[in-house]
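Engineer: Residue numbers (the numbering used here): 228 to 321.
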């Protein structure tokens, strides 16, 4: 469960980093008068950029989330009982 939280935390950190970069680029390249005149277009630009960033992050982190999900499933008590019932693995008694 801790792995999933770490992956989600890194995704949020990357989204914030991309948002700050987008703000810096907009501040450097878009004049203030133009941003004030077309405020709705400016907000739409930020929203579409955030969606594109979320797609990139989800593609990057999806394999890690799948591995974390498998780790949670196979480490559960149900999986341990299933392995013990099916006789998986040799148990040596010394």
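For every residue, glycine included, the Cβ atom is placed at its ideal position computed from N, Cα and C.
Residue 227 and residue 280 look like a contact to me (Cβ under 8 Å); what is the Cβ gap, rounded to whole Å?
Structural biologist: Outside the shown range of the chain, which is 228 to 321, sits residue 227, and nothing can be said about it.
Engineer: Answer with buried or exposed for residue 295, where buried requires no fewer than 16 other C-beta atoms within 10 angstroms of its C-beta.
Structural biologist: Buried: at least 16 other Cβ atoms inside 10 Å.
Engineer: Please go through the same chain and pick out, in chain order, the residues whose beta-carbon is closer than 8 Å to the beta-carbon of residue 211, but skip the five residues on each side of it.
Structural biologist: Residue 211 lies beyond the stretch modelled for the chain, which goes from 228 to 321, so this question has no answer here.
Engineer: Under 9 Å between the Cβ atoms of residue 273 and residue 238?
Structural biologist: Cβ atoms of residue 273 and residue 238: not closer than 9 Å.
Engineer: Between residue 228 and residue 299, is the Cβ-Cβ spacing less than 9 Å?
Structural biologist: Yes; because the gap between Cβ atoms is below 9 Å, this pair is in contact.
Engineer: Let me check understanding here. Comparing Cα to Cα, which of 284, 301, 291 lies closest to residue 323?
Structural biologist: With the chain covering 228 to 321 only, the question about residue 323 has no answer from this structure.
Engineer: Do we get a CB-CB distance below 9 Å when we pair residue 269 with the residues of chain C?
Structural biologist: Considering every chain present, this structure includes no chain C. It has just one protein chain.
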